[in-house]
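The block underneath contains the structure these notes are about, expressed in structure tokens.
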Amino acid sequence: TKITFCLVAVLLFISSDFSFTSASNINAEQKICKNHTKPMDCGEVLDNGNTESGIYTIWPRSRVSKYESLEVYCDMETAGGGWTVML
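With mature numbering (1 follows the signal peptide of the UniProt record, and there is no 0) applied, the sequence shown covers -23 to -1, 1 to 64.
Next comes the structure, spelled out in structure tokens:
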């Protein structure tokens, strides 16, 4: 799961050779933990680095969807992007 993945990423990061003066190592580790394997909405799709508008699969967390996947259109251009449009 996401928590296990982040824990492994942090442990690998800690055990690797790095310098505290380099922020690039820290930023890379933070991006790894930000990755949503089953994004809840287009905001999380955007967090994953997908910057093109288009159709994406999301997994909303609600009783209505019963945690099943949905295809939605993600607007990644309007007002910073990350807008979910139901099809």
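Even for Gly, the Cβ is constructed at its ideal location relative to N, Cα and C.
Around the CB of Ile32, fewer than 16 other CB atoms lie within 10 Å, so the residue is classed as exposed. Within a 10 Å sphere around the beta-carbon of Thr61 sit 16 or more other beta-carbons, which makes this residue buried. Note on geometry: alpha-carbon atoms of Ser30 and Arg38 lie some 22 Å from one another.
In the three-state scheme derived from DSSP, where H, G and I count as helix and E and B as strand, Glu21 is classed as helix. According to the DSSP secondary-structure assignment, Gly31 is paired through a beta bridge with Cys51.
Note on geometry: alpha-carbon atoms of Asp24 and Met53 lie some 11 Å from one another.
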